[in-house]
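Numbering (the UniProt record's numbering), first residue to last: 1 to 110. Every residue gets a Cβ at the ideal spot worked out from N, C-alpha and C, and that includes glycine. Predicted model, so just to flag it, every value in this text is computed and none were measured. First the structure, in the form of structure tokens, and then the observations on it.
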Ligand code: FES
């Protein structure tokens, strides 16, 4: 495991979610009701940064062409509304282990 510090736990609790740079990646991190989630933040369709979190469904929508991803698995649930030809099974996102370490949110990038 290679844990990397991102933002403070208080900042994430207040913001609910954020896209943070972790080494050479951009990772979408979220705090939903005290549970932490992390997955790639760069949409595999046209590389937009994800941003619209649905806390009830635990999904994240890409703001560019509305592809929808499952926060817990990174699986694409709905394809983008433009050029949706690539099977959505091939467009999922990687998820990461995430933890609160003494008030700092850390992501395992190994
Ligand atoms: S860039 Fe995300 S759906 Fe197109």
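Coarse secondary structure for residue i, derived from DSSP in three states
i          : result
residue 30 : strand
residue 78 : strand
residue 68 : strand
residue 52 : strand
residue 16 : coil
residue 38 : strand
Reference residue i, options the options, closest by Cα
i          : options           : result
residue 26 : 34, 32 and 39     : 39
residue 22 : 79, 42, 57 and 82 : 42
residue 99 : 24, 92 and 107    : 107
residue 76 : 11, 45 and 49     : 45
residue 54 : 104, 66 and 47    : 66
residue 72 : 4, 47, 94 and 105 : 94
residue 37 : 70, 102 and 103   : 70
residue 35 : 24, 5, 102 and 12 : 12
Beta-carbon separation (whole angstroms), residue i vs residue j, contact threshold 8 Å
i          : j           : result
residue 62 : residue 80  : 7 Å
residue 2  : residue 109 : 5 Å
Is the segment 49-60 in contact with the segment 30-37, if contact means three or more CB pairs nearer than 8 Å?
yes
Residues with a Cβ closer than 7 Å to any heavy atom of ligand 1, in chain order?
43, 45, 46, 47, 48, 62, 64, 65, 66, 67, 80 and 82
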